[in-house]
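In this note's numbering, the protein residues as written are 674 to 782.
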């Protein structure tokens, strides 16, 4: 048990980083883990930024959809025959009582 506690104390004191043949390998491994941690942090920030951008674009799409529905419904109301008749009556035009007749022109050669 004495050697196990000594090994734990040596690890906590960091002797594995300054003493022994494998000190350089240990430093390289620590630098590698540190570089990986930086890459993970940077990629998570990039992903977070993309998520916010997607949410913003989704809000804009929903706003444009609602605007489209509103404009389409207004257009349908304007195109109704009753609406057209009201606009024409205000200008002095009336709906004819007889429907228009189709005139066919036959050209004989």
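The beta-carbon is built from N, C-alpha and C at its ideal position, and this holds for glycine as well.
Short Cβ contact (8 Å threshold) for residue i with residue j
i	j	result
residue 697	residue 689	no
residue 753	residue 768	no
residue 756	residue 747	no
Helix, strand or coil at residue i according to DSSP, with G and I counted as helix
i	result
residue 736	helix
residue 726	helix
residue 685	helix
residue 749	helix
residue 719	helix
residue 680	helix
residue 703	helix
Span separating the alpha-carbon of residue i from that of residue j
i	j	result
residue 739	residue 728	17 Å
residue 774	residue 766	19 Å
residue 686	residue 735	59 Å
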